[in-house]
Amino acid sequence: MTTAVFTPETEARLATARHVADAVLFEGYVLYPYRASAAKNRLRWQFGVLVPPAWSARREEYDAQHTECLMEPRPGAHLAVEVRFLHAQRRTVQRVTANGGFETVRELDLEDRVLVPWDEGVEERVELTVPVADLAGEGVAVPFSRPAREETEPVLDGGGRTVGRLLRRREEISGVVRLSAAELDGPYRTMRLTAVVENTADWMPQPGGDRDAALPYSLVASHLLLCLDRGSFLSMTDPPEWAKGAVAACRNLHTWPVLAGEPGRTDLVLSSPIILEDHPAIAPESPGALYDATEIDEILALRTAALTDEEKREARGTDERAAAVIDLADTMPAEVLERLHGAVRSLREVTGHAPREDPLATARPDTPWWDPGGDTSVDPEHDRVTVDGIPVGAGSRVVLRPGLRHSDAQDLFLHGRTALVEAVLHDVDGGVHIAVTVEGDPGADIRREQGRFLYFQPDEVEPLETV
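Residue numbers for the sequence shown, in our numbering: 1 to 467.
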């Protein structure tokens with residue numbers, strides 16, 4: 001077993017998964033509106049936090065993660081393991097006193113930002129490689145630790161004068177990685193791999209201490225990358241029929257392993273505290289990390305850009321990553337923001353996977369997903385559909401008759417209203433949809449300009465005239 005740097009081949013394989021792993025690492029790191037004073041940012045780090053054992057015994061949080069998955073290693077195979085987590089770094093704000101010393105303050109107001117106390121996350125990695133043959137029986141246990149550390153950073157005003165400093169301190173943390181494997185009965189050489197990450201810090205909470213006191217000694221957002229140089233892993237969400245019983249018998253606590261990297265590859269696993277599907281990927285439209293769990297990029301970018309200048313100053317002083325989000329929202333080109341407004345994945349599956357591209361480098365695709373020059377079989381602006389013996393298409397007037405297909409309440413309010421047909425669309429399943437704007441709607445011009453129509457099926461409209 002070694003803890004040396006990975007081989008170039010292994011490093012290249014792990015790099016393919018780190019883009020997604022980084023999203024896991026910083027999930028919920030700082031939430032909109034990205035200010036330390038916001039209520040959402042006062043209780044931090046909810047995913048994959050492995051607390052010291054003494055705190056785990058007092059609260060319903062855990063000091064270990066337990067991963068089990070199935071693998072089919074070839075003879076002589078090696079397993080590369082990368083444990084990734086954040087080390088909480090407590091930042092204190094101080095200002096210069098009259099006698100040249102420093103005093104701790106609640107905030108330091110500068111021209112471009114407001115500095116406040118904050119816990120920053122410093123990425124840590126534990127890397128090791130072990131022959132699969134060494135994992136039999138009790139396997140191996142690899143302890144690790146990170147020392148306490150303190151550093152200062154001067155704070156300068158616009159004229160270059162020192163007006164304060166940031167004092168950062170990290171506490172000592174320690175843990176252990178336990179790896180073992182057992183061969184399963186059956187026609188194939190399949191092994192159950194067990195990987196456990198434990199926090200072994202000997203920190204003891206003080207009477208009346210809270211969770212914030214435990215975080216500097218915790219492994220935050222911890223997760224695993226596992227890579228075989230020879231062999232493959234089985235999918236835990238979609239295993240082959242013969243392996244379903246063995247998969248069901250695997251025990252995963254506070255984490256879940258999925259296949260990672262490019263679709264079709266099976267030599268890499270990401271064991272994440274967040275539920276993911278096999279081969280997870282960052283949406284190609286996403287312009288950058290926004291850190292806010294469960295939010296939609298488009299909405300979040302618009303809301304961030306709408307913050308007041310004072311709110312943005314506080315966000316920039318909260319954290320460097322928050323400042324980067326503010327800058328991203330303020331400088332995002334309209335073309336990139338437009339691409340955040342939804343995407344149709346199923347069409348890509350039908351026509352094949354398009355190569356990934358950087359949305360900032362190519363802000364607007366050369367052609368839309370439907371290319372009028374490449375597919376002459378459909379033309380929404382000129383296609384017609386026959387309703388009650390009358391052809392209906394763009395420019396037709398119809399009466400809306402929703403209700404036959406369990407329409408929602410909003411559609412039922414439109415019963416009997418007249419509308420103008422804007423387009424006739426055909427989906428990939430052969431369905432026909434009529435896009436309309438309601439006559440008398442004061443927002444019809446805006447809907448038409450943005451392409452946001454109401455949609456009905458042919459039996460939900462009644463033609464008013466021929467075209």
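Just so it is clear, CB atoms sit at the ideal spot from N, CA and C, and this is done for glycine as well.
* Taking all protein chains shown into account, decide if Trp242 is buried (16 or more other Cβ within 10 angstroms of its Cβ) or exposed. => exposed
* Asked: Sorted by chain position, which residues of the same chain lie with C-beta nearer than 6 Å to Val24's C-beta, five sequence neighbours on each side aside?
  -> Only His223, Ser272 and Ile274 meet the Cβ criterion.
* Would Met236 pass as a contact of Pro257 if the rule is Cβ separation under 8 Å? -> yes
* Helix, strand or coil for Tyr217 per DSSP? -> helix
* Would a C-beta distance cut-off of 8 Å place Arg313 and Asp157 closer than the cut-off? -> no
* **Backbone secondary structure at Thr7 - three-state DSSP** => coil
* For the alpha helix (DSSP H) that contains Glu310, what are its first and last residues? -> Asp309 to Thr318
* For Asp119, which of helix, strand or coil comes out of DSSP? -> strand
* Asked: Within this structure, are the beta carbons of Glu533 and Leu115 separated by less than 8 Å?
  -> Beyond the ends of the chain as shown, which are 1 and 467, falls residue 533; an answer cannot be given.
* Asked: Whose C-alpha, out of Val269, Phe413, Pro402 and Val163, is nearest the C-alpha of Asp459?
  -> Pro402
* Determine the closest residue to Ala214 out of Gly451, His415, Arg42 and Pro52, with distance taken between C-alpha atoms. => Pro52
* Asked: Taking buried to mean at least 16 other C-beta atoms within 10 Å of its own C-beta, is Glu470 buried or exposed?
  -> The structure shown does not extend to residue 470, since the chain is modelled only from 1 to 467, so the question has no answer here.
* Three-state secondary structure assigned by DSSP to Ser56 -> In this structure, Ser56 counts as helix in the three-state DSSP scheme.
* Over the uninterrupted beta strand (DSSP E) stretch that includes Ile275, give me the two end residues. => DSSP places Ile275 outside any beta strand (DSSP E), giving it a letter other than H or E.
* Measure the CB-CB distance between Arg84 and Leu225 and report whether it falls below 8 Å. => yes
* From Val142 to Trp118, what does the alpha carbon distance come to, in whole angstroms? -> 32 Å
* Reduced DSSP category for Leu224 - H, G, I as helix; E, B as strand; rest coil -> strand
* Of the listed residues Arg316, Leu337 and Gln89, nearest to Glu285 (C-alpha basis) -> Leu337
* Would you identify the three-state DSSP class for Glu124, choosing helix, strand or coil? => strand
* Asked: Apart from the five residues just before and just after Arg149, which ones in its own chain have a Cβ nearer than 6 Å to its Cβ?
  -> For Arg149, where only same-chain residues beyond five positions count, the Cβ hits under 6 Å are Arg170.
* **Other residues of its chain near Val436: CB distance less than 8 Å, five sequence neighbours each side excluded** => Result list for Val436: Val398, Leu400, Ala419, Leu420, Val421, Glu422, Phe453, Leu454, Tyr455, Phe456 and Val461, in chain order.
* Which of the three DSSP states, helix, strand or coil, is assigned to Asn41? -> In the displayed model, Asn41 falls within a helix according to three-state DSSP.
* To do: Give a yes or no on whether the C-beta atoms belonging to Phe6 and Ala77 are separated by under 8 Å.
  => no
* Asked: For Leu268, which residues from the same chain have a beta carbon less than 6 Å from its beta carbon, with the 5 sequence-adjacent residues on both sides left out?
  -> The answer, listed in chain order, is Arg13, Ala17, Cys227, Ala260 and Gly261.
* Would you report the Cα separation of Val197 and Leu340, rounded to the nearest angstrom? -> Distance between the alpha carbons of Val197 and Leu340 is about 37 Å.
* Looking at the unbroken beta strand (DSSP E) that takes in Ile434, where does it start and where does it end? -> Val432 to Val438
* How about Ala38 and Val220: do their beta carbons lie closer than 8 Å? -> no
* **Beta carbon of Leu86 nearer than 8 Å to that of Glu123** => yes
* Asked: Residues in its own chain within less than 6 Å of Ala323 by CB, not counting five upstream and five downstream?
  -> Arg316
* Asked: Is Val20 closer than 8 Å to Pro280 when the C-beta atoms are compared?
  -> yes
* What residues in its chain sit with their C-beta under 7 Å from that of Ala94, if we drop five residues either side in the sequence? -> The sequence shown places Gln at residue 94, rather than the Ala named in the question. Sequence-distant Cβ neighbours of Gln94 in its own chain, meaning closer than 7 Å and more than five residues away, are Phe102, Glu103, Thr104, Val105, Gly164, Arg165 and Leu167.
* To do: Could you tell me whether the Cβ atoms of Ser174 and Ser145 are closer together than 8 Å?
  => yes
* Asked: Which partner residues of Glu103 appear in the DSSP bridge assignment?
  -> Beta bridge pairing from DSSP links Glu103 with Arg95.
* Can you tell me which of the three DSSP states Glu381 falls into? => coil
* Assign Ala64 to buried or exposed, taking buried as 16 or more other Cβ atoms, counted over all protein chains shown, within 10 Å of its Cβ. => buried
* Buried or exposed: Gly209, going by 16 or more other Cβ atoms within 10 Å of its Cβ? -> exposed
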